[in-house]
Each structure stands twice: as structure tokens, then as C-alpha cells.
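This report concerns only the one structure given below.
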Amino acid sequence: MTVTTTLNGNVSAATASAAASAAATAEATGPQSLTMAKALNTAMADAMRADSSVLVFGEDVGMLGGVFRITDGLMAEFGEQRCFDTPLAESGIVGMAVGMAINGMRPVIEMQFDAFAYPAFEQIVSHVAKMHNRTKGKLKMPMVIRVPYAGGIGGVEHHCDSSESYYAHTAGLKVYTPATVADGYRMLREAIDSDDPVMFMEPKKLYWSKDQVDLGALRAEHDAGTSTEGRAAVARPGTDATLIAYGPSVPTALAAAAAAAEEGRSLEVIDVRTLVPFDDETVCASVRKTGRAVVIAEAHGFASVSSEIVARVQERAFHYLAAPVLRVTGFDVPFPSPKLEHYYLPSVDRILDAVDDLQWED
Amino acid sequence: MTIHADQSAPETAVEDQAADVRTKFGISVEDYMLPARHQIQMVNPDGTLRSHDEQGTEPGHEYPTPDDAELMAAYEQLVVGRRVNDQNSALVRQGRMAVYPSSHGQEACQVAAAMCLSEGDWLFPTYRDAVAIMTRGVDPVEVMTIFRGDWHGGYDPTEHNVGIQCTPLTTQLLHAVGVAHAAKLRGENTVVMAMCGDGATSEGDFHEALNFAAVFHLPVIFFVQNNKYAISVPLSHQSVAPSLAHKAVGYGMAGERVDGNDLVALLAVMDRAVKLAREGSGPLLIEAHTYRMQAHTNADDATRYRPDSEVAEWQAKDPLARMKSYLTDKGLLDEEASTRIAEHAETVATQLREGLGEDVPVQPLDLFKYVFAKQTPQLKEQSELLASELAREESAK
């Protein structure tokens, strides 16, 4: 590996060693313990190695490697031309990425936190989402907007919003949100490969979650063109009721299913993975099988992705339902301060209560 | 593709730039970035050439007069542009188009913005810049599609390197920055023209675009047509800066003011800006003083917010009459050339009348076709729903 000499010749020893460790991860084969953060980082590094039009930029993503270190080592390995810090202006970052996408690049940009992306809302809604349609496909928008989102980390205000519904509601955007380490890798690589703009919602409380992952196998899967877009995963099979969750709520749903199993109730957990496009087939197949469903999401329930899921399920599986589809979501209040967030977030107990309410007596 | 250019401004950029400016122009970097004390103006409203001392130039702000061939080619586009504006306004009155934001009175700016560019360069226009887009070579009827209501864009931006007319103010300036940045990373010598109006300079993206272009040292020319009104709101409500061109120094780029109804001065200033940008001087901000002679659009009533006397004052500064008189006096424009140019303008007007008079049937299923490069199952389902509705309507006929 060559560490590109930067303009000022000041690649720090720390950054260089980060790059060296990134390269070491890249070379490892067989199952290894990996965090979601590392999986995302490796996905970007692999994509940048494969295609020199892939660029990474945003606030603090260069020398620092991002406030969550997701871009750690990328500047050292790929140079300041391909991974760099921008002025502190989110609309500027997204707008410049639009121009770069027009002119042959595949930008992967970071919005530092969910709520910090709001200044870029106009660029995202009016241009990122609409350029392909407006130009009848003459201009493609192959860009990824990475958004660390949602709560559970004791963050202060403006650092914990679940903003996915804004994007899912906008025609022309695809919205991915991984819940496992392996999906972190596979879905980010697919997002970077996509000729459509992808809002890549990263559950920040899962950045440090670990799993045994075989990067070699994931790379082979990527190279074979395996797609997860529009394909929900059955995260845990079950027979009595379906828990439908995505992103940060998937581990909570799995914990609830594990607890329910101890009480003799078999819950199936569906990880939606891509909110847009939505996998009606897998979700409805599960609900038809179990006849009962609870949708779980951190975001406010009102006019949200969770309400959309309920609507779709009842439109497509009404006659299979033994009970109304229930939801466990964040309350319709601004995201609370750190000491109050556990009252707000969907919890195992709240999910189990909802499951108990699925009219079992009938 | 190789990426090799140094994309970010080095820590020493400020000192380097100061030294470069001193070597190149013999003035301080502040004097280079601040606009000249007066706007650059070469031809008087009556068509007479101003003496060199009265052109507003200063050391480091020198502008050679464009050559005769360029002036004549530009004049021809000016005449065509005026005809296009008036034809389009007529087509709106006849109900052939929903709306047309006319650049009547601003045609010199339109022509100069397009003509100063080379083939591989890019232009990012607003909704009022149809004449600039046509001057760049885009098919006139395709330019007007957006206003006819067939689709939100009518031409292929990659064919002539022209972005789609942008409606949300100044958002396109950032796209211009991104195009320039990508080109620079690939080592291409592309200059990008980013157009906006005076009101748009109040938008946040104006600030972000100028700052990004300056920090990444990109060859972008920010061209502000100061036509004095943002719909009804006068410039005094947008900014109390000494001039809009003065905003440049705050970003570390050069600014200049030019008479936006003087095509000779505009070409001189824009040609030099393109040259400087291409040579690696970074971005520039040009403010052209002009006037929107007509209402914002046909839906607007300009008499509610500006006096007739002001309009009459600007009528006397008309860019077309001024250029015609200048070129005639210079012996470049004779009866024969005038006739030929008028015929060219009439040909384009006919093309517009015929093209926009034709009712091209819309394709309802196109609604779903271009939302994504890879369509979603949900859109496929909705497309099939509309298709079956259409089939039912058809069979009921």
C-alpha cells in the first residue's frame, strides 16, 4: 500500500497507521470479529480501490476520520483529492456532490449527524431526488448521502433524530438502513454502485456493535452482483407473530423475540433493510403466515415509515390478520434529552406489551 | 481516470495568491479582489465609444476591446435573443406557453455569458436565462419545453454542457462548483459559468457556493445579473453592500462591476474572467448592471412597484440600440448585414412558433419511467395502475 503524500506532506503517523490497519483488514480472510463502523469503513475503502470516481467528503472526514471514525484512514490511503474535508456547510456539501455526479464522479458524502443534514434539505429534495426525472435520465445521480441517525447514545439535542421518513416520503430517493455488521458492508457497497441517489441511514448506536463476519465472502458476494435492495431479511424465524423493524430497532426486536421465546411465544423478526424500495413480498408473506404483526421504529409514529408499513400490510394481508397491526414507535415529541430518552425509545417491554395486545384470546 | 490535481487550498494559499497578483498585475491582492472604483463601461448609451480613461479600468483591471469578428457574432446573437424574448412573450399571450420569464433588456448579459465559454465549458442558468442557453447552441424549442408544460426539462444537459434552467434560487451555483471540482480532479481545463440574479445573492447557497469555489480554488465565474428587482423587491432590500461585486473580497476572490447593457464591455470583462479562471486564478464574481424591462413574468404587474419614469430611463440604455449604433458607426454593420441578421432572428422566431404551436401528445406513463435509474416494484405497480386506467378510457371511447 502506498500512502499518498499530501499537499503539505503532513500525513500524521496516526492516520498512516490507521490506513495500514485498514489495509490489513482488507487483506484478512475468514470470519473475524468486526464492528459496524469497520464494515462501513471497509466498504468505502474497497469501493474507492475499485473505482477512482468514488470520492468521500464532508465535515471532519479527512484527517480526523469522521467524528465516528467511519472514514478513518481513507485520506491517508487515497489522498486529499479523494477524501477531504469541506467548509462547514451541508447544503454546500450536497450541492457540490450533485455537480460532481453530473460530471462523472460517485460522491459518498457524510452528514455529520441526522439533524445537521437539514440545511441540505433543499438540495436533497429539489435536486438530488429530481435530477434524473427532470432530465429523463440524461443526468444520473450516483451519490450516497451517509446519515448517522437515531438515538440510544445519550446524545444532546440535534444529534439523535430519526429523519428517515422525510427522505422516504420524497420521490426519487432510495433509503437504506443496515442493522447488522455484514449488511453495513454489503448495503453500503450496493449504495455506492447504485446509479440512483441513496440516503444511507446509519444507526449510530450500532456503530460499535460487533459480529463475526467473513469479509472475503462478502466481497465475493458483492462481485457476484448480489443485491439487497428491496429485499427484507428474516432476522429470526418464528410462527406466532411478526415483528417488523429496521435499523436501530432490529436488535431491540430480536431481544424482544428472545424474551418471548422464553415464555413460549415464537416471534418472527423482519429486518426491512431498505425502506425505499420496500419489500412488500417478504413482509406480507411473514404476516400472512403468523396472522399478527407489530411494527417497531424509533421515529415518531405519526405520518412515518411505520405508518406506511401498517397501511401496506393491511392493504395486502387484511384477511390473514387475527388482530389489528400495532406499532411501537417513538412518541410524537421532540427527541428527548439523554436522561429521558429511554422513556421514548421502543423497548423490549413495550414491544412485549404490544405483542400481548394482539388479541390472542380469540 | 486519473486524479492528480491538488484540490484543496494549501495553508500558504493566501500568501501565494498575494505574490501571484503582485507579479501578474503589479497591485496588492486587496486591490485585485476589490472591484474597480467604477463599473467597466466601454460604449455610451448613444453608441459612442468612451475614451480609455473613462472606461472604468484601473491597473490590474485592464480590459482589451474584443475584436470585430467577436463583436459582430455577438451582435447577431443579441438581435436573435431580443426576437426570441418577444416571440416567447407573444406565445404566452396566445396561450401556447404557460409562462415565460423574459430577459428583455438583459440580452447583452445573456449573450456574453454564453459566448465567452469554450466547447468543453459548462453553463448553469436560471429560469430567466433561455437566451443564454440558446446562444450556447441548445435547440430553442427544447429550451422552451419547460415553460410549455410538457416536462420539467426539455434538453439533454450533456449535449452542450448546459444545466437545466434552475428554479430554486442559487441552488445551481453549487452544481457549477461540483462540476468544476470534478473536472479539476481529473486535470481537465473546464471553466464553469454560474448565473444568478441580484435577489438570489441573499440566499444561503450563494454564500456556500462562493466559499466552496474559493476554498477549493475552482475555475467558476459567478455572474450576477443585477436587474434591480427580485420580482417586486428592490435591491436596497436585499443588500446594503457597496455593490454585489464587493462581496467577492470576503471570499478571497476577485470581483468586478460592468455595464450589463454594454455588450462590448461585457465581452471584454467576461473573456478576461474566463481566461483568468482557465489559467488557474480561481473563481471570480462579476456583477452586471442591467434592468428587467418587463414584468417578472406574464403573471406579474410591474406597475405596482416601479415608476414608468424609471423604465423609460433604462429604455434609453437599451443594449440593442446601443450596439447597433456602435457597430454602424464603426463601419462593421451595413444594410446587408442588418438584413441577414434580421432574417436569422426571424428564422429562429418561426422555429419557435412552429415548434411550440405543435401539440406534442404527452406520455402519461413517462411519469414513472425516469424517477429512478433502477425502478422500484412500487412504481412498477403504480405505472400498471395508470396503464389500466388509460386502457379503460381508450376502450370506452
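Going down the list, the sequences are from chains A and B.
Heads up: the first sequence begins at 3 in this note's numbering, then just goes up one per residue.
Heads up: the second sequence begins at 611 in this note's numbering, then just goes up one per residue.
Just so it is clear, CB atoms sit at the ideal spot from N, CA and C, and this is done for glycine as well.
Rounding to the nearest angstrom, what Cα-Cα distance links glutamate 343 (chain A) and alanine 152 (chain A) in this structure? Taking the first residue of the first sequence as 1, we reach residue 343 (chain A) at position 341. Taking the first residue of the first sequence as 1, we reach residue 152 (chain A) at position 150. Approximately 11 Å, taken between the alpha carbons.
For tyrosine 673 (chain B), three-class secondary structure by DSSP: By one-based count along the second sequence, residue 673 (chain B) stands at place 63. Tyrosine 673 (chain B) falls in the coil class under three-state DSSP.
Is there contact here, the segment 115 to 133 of chain A with the segment 157 to 168 of chain A, by at least three beta-carbon pairs under 8 Å? yes
Taking the alpha carbon of phenylalanine 734 (chain B) as the reference point, which residue from B:Arg703, B:Ile831, B:Ala926, B:Ala955 has its own alpha carbon closest? Translated into the one-based positions of the second sequence, residue 734 (chain B) becomes position 124. Here the closest residue by C-alpha is B:Ile831.
Name the chain B residues whose beta carbon is nearer than 7 Å to that of methionine 107 (chain A)? Counting from 1 along the first sequence, the entry for residue 107 (chain A) is found at position 105. By Cβ distance, chain B contributes Ala792.
With a cut-off of 8 Å, does the C-beta of proline 89 (chain A) fall near any C-beta of chain B? The residue labelled residue 89 (chain A) in the question sits at position 87 within the first sequence. Output row for proline 89 (chain A): interface = yes.
Quickly, what does DSSP pair glutamate 866 (chain B) with across the bridge? List them, please. Looking up residue 866 (chain B) in the second sequence gives position 256. In the DSSP output, where bridge partners are listed per residue, glutamate 866 (chain B) has B:Ile896.
Residues of chain A with CB under 7 Å from aspartate 815 (chain B), in chain order? By 1-based counting over the second sequence, the position of residue 815 (chain B) is 205. Simply Ser93, Gly97.
Just to check my reading of the structure: phenylalanine 86 (chain A) and glycine 67 (chain A) have Cβ atoms closer than 8 Å, yes? What is that Cβ distance to the nearest angstrom? In the first sequence, counting from the first residue as 1, residue 86 (chain A) sits at position 84. In the first sequence, counting from the first residue as 1, residue 67 (chain A) sits at position 65. At roughly 12 Å, the Cβ-Cβ gap does not stay under 8 Å, so phenylalanine 86 (chain A) and glycine 67 (chain A) are not in contact.
Going by the DSSP bridge assignment, what does serine 35 (chain A) pair with across the sheet? As a first step, residue 35 (chain A) must be located in the first sequence, where it is residue number 33. Beta-bridge pairing links serine 35 (chain A) to A:Gln214.
Outcome for valine 970 (chain B) when other beta-carbon atoms lying within 10 angstroms are tallied against a minimum of 16: By one-based count along the second sequence, residue 970 (chain B) stands at place 360. Answer is exposed; the Cβ neighbour count stays below 16.
Simplified DSSP state of lysine 794 (chain B), which is helix, strand or coil: The count along the second sequence starts at 1 and reaches residue 794 (chain B) at position 184. Taken through DSSP and simplified to helix, strand or coil, lysine 794 (chain B) comes out as helix.
I want to verify the contact list: residues of chain B whose CB lies under 8 Å from the CB of valine 212 (chain A), in sequence order. Taking the first residue of the first sequence as 1, we reach residue 212 (chain A) at position 210. Looking at the sequence itself, residue 212 (chain A) is lysine, so the reference to valine does not match. In chain order: nothing, as chain B lies at least about 32 Å away.
Are there 16 or more other CB atoms within 10 angstroms of the CB of glutamine 125 (chain A), so buried, or fewer, so exposed? For the purposes of this step, residue 125 (chain A) is identified with residue 123 of the first sequence, where counting begins at 1. Taking all protein chains in view, the Cβ of glutamine 125 (chain A) is crowded by 16 or more other Cβ atoms within 10 Å, so the residue is classified as buried.
Among A:Tyr169, A:Ser128, A:Ala78, A:Ile155, whose alpha-carbon lies nearest the alpha-carbon of proline 279 (chain A)? Stepping through the first sequence from its first residue, residue 279 (chain A) is reached at position 277. Residue A:Tyr169 is the option with its Cα nearest to proline 279 (chain A).
Do you know whose CA, among B:Asn698, B:Glu640, B:Glu625, lies nearest leucine 966 (chain B)'s CA? Taking the second sequence and counting its residues from 1, the one referred to as residue 966 (chain B) is at position 356. Answer by Cα proximity: B:Asn698.
Contacts around lysine 132 (chain A), its chain only, beta-carbon distance under 6 Å, and the 5 residues preceding and following it disregarded: Here residue 132 (chain A) corresponds to residue number 130 of the first sequence, with the count starting at 1. The residues are Gly174.
Sheet register partners of glutamate 668 (chain B) (DSSP bridge): Within the second sequence, numbered from 1, the residue matching residue 668 (chain B) stands at position 58. According to DSSP, which records beta bridges pairwise, glutamate 668 (chain B) is partnered with B:His671.
N-terminal and C-terminal residue of the beta strand (DSSP E) that methionine 1074 (chain B) is part of: Within the shown structure, residues of chain B are numbered from 611 to 1007, placing residue 1074 (chain B) beyond reach of any answer.
Return no unless some Cβ of chain A is closer than 8 Å to the Cβ of glycine 965 (chain B). Here the question's residue 965 (chain B) lines up with position 355 in the second sequence. So, not an interface residue.
Three or more C-beta pairs below 8 Å linking the segment 279 to 289 of chain A and the segment 251 to 266 of chain A: Flag = no, the segment 279 to 289 of chain A and the segment 251 to 266 of chain A do not touch.
Within the 8 Å Cβ cut-off, does glutamate 818 (chain B) reach chain A? Walking along the second sequence from the start, residue 818 (chain B) turns up at place 208. Yes, its Cβ sits closer than 8 Å to a Cβ of chain A.
For threonine 7 (chain A), decide whether its Cβ has a neighbour in chain B, counting only Cβ atoms nearer than 8 Å. What you label residue 7 (chain A) is simply residue 5 of the first sequence in a count that begins at 1. Here threonine 7 (chain A) scores only 35 on pLDDT, less than 50, and its place in the model should not be relied on; the value that follows carries that caveat. Threonine 7 (chain A) does not count as touching chain B.
Indicate whether leucine 347 (chain A) and glycine 154 (chain A) have their beta-carbon atoms separated by less than 8 Å. For the purposes of this step, residue 347 (chain A) is taken as residue 345 along the first sequence, with counting starting at 1. For the purposes of this step, residue 154 (chain A) is taken as residue 152 along the first sequence, with counting starting at 1. For leucine 347 (chain A) and glycine 154 (chain A), yes; Cβs fall inside 8 Å.
When you compare the CB of phenylalanine 982 (chain B) with every CB in chain A, is at least one pair closer than 8 Å? Looking up residue 982 (chain B) in the second sequence gives position 372. Interface residue, yes.
Which residues does DSSP list as the beta-bridge partners of threonine 913 (chain B)? Residue mapping note: residue 913 (chain B) aligns to position 303 of the second sequence, counting from 1. Partner(s): none; threonine 913 (chain B) has no beta bridge.
Could you tell me whether any Cβ in chain A is nearer than 8 Å to the Cβ of threonine 599 (chain B)? Any property of residue 599 (chain B) remains undetermined from this structure, which presents chain B solely from 611 to 1007.
Hey, is phenylalanine 832 (chain B)'s beta-carbon within less than 8 Å of any beta-carbon in chain A? The count along the second sequence starts at 1 and reaches residue 832 (chain B) at position 222. No, phenylalanine 832 (chain B) lies away from the interface with chain A (no Cβ there is under 8 Å from its Cβ).
For serine 712 (chain B), I'd like the list of residues in its chain whose CB is within less than 6 Å of its CB, leaving aside the five on either flank, ordered along the chain. Along the second sequence, one-based indexing puts residue 712 (chain B) at 102. If we look at serine 712 (chain B) and ignore the five residues flanking it on each side, its Cβ neighbours are Asn695, Ser699, Gln904.
Does the beta-carbon distance from glycine 763 (chain B) to arginine 136 (chain A) come in below 8 Å? Here residue 763 (chain B) refers to the residue found at position 153 of the second sequence. Here residue 136 (chain A) refers to the residue found at position 134 of the first sequence. Result yes, Cβ atoms of glycine 763 (chain B) and arginine 136 (chain A) sit closer than 8 Å.
List the whole-angstrom C-beta distance separating leucine 245 (chain A) from isoleucine 298 (chain A), where the pair is believed to meet the contact cut-off of C-beta under 8 Å. The count along the first sequence starts at 1 and reaches residue 245 (chain A) at position 243. The count along the first sequence starts at 1 and reaches residue 298 (chain A) at position 296. Contact holds; Cβ gap of about 6 Å.
Run the CB neighbour count on aspartate 74 (chain A), radius 10 Å, all protein chains shown included, and call it buried at 16 or more, exposed below. By one-based count along the first sequence, residue 74 (chain A) stands at place 72. Counting Cβ neighbours within 10 Å, aspartate 74 (chain A) comes out buried, since at least 16 surround it.
Quick check on this structure: which residue in B:Ala947, B:Met707, B:Leu895 has the alpha carbon closest to the alpha carbon of leucine 820 (chain B)? On the second sequence, residue 820 (chain B) is found 210 positions in, with the first residue counted as 1. Nearest of B:Ala947, B:Met707, B:Leu895 to leucine 820 (chain B), Cα basis: B:Leu895.
Leucine 360 (chain A) versus chain B: which residues are under 8 Å apart at the beta carbon? Translated into positions along the first sequence, residue 360 (chain A) becomes position 358. What leucine 360 (chain A) touches in chain B: nothing, since even the nearest Cβ is about 27 Å away.
For the segment 882 to 889 of chain B against the segment 807 to 815 of chain B, are there 3 or more C-beta pairs whose distance is under 8 Å? no
What does a CB cutoff of less than 6 Å around tyrosine 936 (chain B) pick up in its chain, not counting 5 residues either side in sequence? Position 326 of the second sequence holds residue 936 (chain B). Closer than 6 Å at the Cβ level, and outside the excluded window around tyrosine 936 (chain B), lie Val653, Gly657.
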